[in-house]
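Just so you know, we're using the numbering used here here: the sequence shown kicks off at -2 and counts up by one. By construction, the Cβ of each residue, glycine as well, lies at the ideal position given by its N, Cα and C atoms.
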Amino acid sequence: GEEYTDSIRLGGISRVLADQLREHLDTSIRTTVLGHMQRGGTPTAYDRNLATAFGTRAAKLAANGTTGVMVAIQNNSFTTVPLEEVAGKTRTVPLDVSPLLRSGLDVGTSFGVEESEVPATADPEPRV
-2 GEEYTDSIRL
8 GGISRVLADQ
18 LREHLDTSIR
28 TTVLGHMQRG
38 GTPTAYDRNL
48 ATAFGTRAAK
58 LAANGTTGVM
68 VAIQNNSFTT
78 VPLEEVAGKT
88 RTVPLDVSPL
98 LRSGLDVGTS
108 FGVEESEVPA
118 TADPEPRV
């Protein structure tokens, strides 16, 4: 076969998909382009497989006309959850039991709380 040496710029699929969705759905469709910090680095094979698993299940639901649900993992199995069970609700992280919260604050991640509000017990304990 032929070898191609031209660089191919991948991306822009969100706009193509949004245009296709607008043709079939009577709802507002928006796209988001994530920056490097939001992406969180290079995805691992696990990240890619998990994203593919969520995406294919969501696409099948949409193709079958299923609406008002999201794909989720519960008890290590894929399932759907009605959006009314999750939309508009806030899940919080207990400030006194999350050492990961302290680590996130230490690298500048905003969680909507002041650092002074986080109890000292949220500091990670050193492991030896």
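Enumerate in chain order the residues of its own chain whose CB-to-CB distance from residue i is below 8 angstroms, with the five nearest sequence positions on each side excluded.
| i | result |
| --- | --- |
| residue 12 | 28 |
| residue 30 | 11 |
Should residue i go down as buried or exposed, given a rule of 16 or more other Cβ atoms within 10 Å for buried?
| i | result |
| --- | --- |
| residue 98 | buried |
Do residue i and residue j have their C-beta atoms closer together than 9 angstroms?
| i | j | result |
| --- | --- | --- |
| residue 58 | residue 77 | yes |
| residue 102 | residue 115 | yes |
| residue 66 | residue 80 | yes |
| residue 92 | residue 110 | yes |
| residue 40 | residue 50 | no |
In terms of DSSP beta bridges, what is residue i paired with?
| i | result |
| --- | --- |
| residue 70 | 75 |
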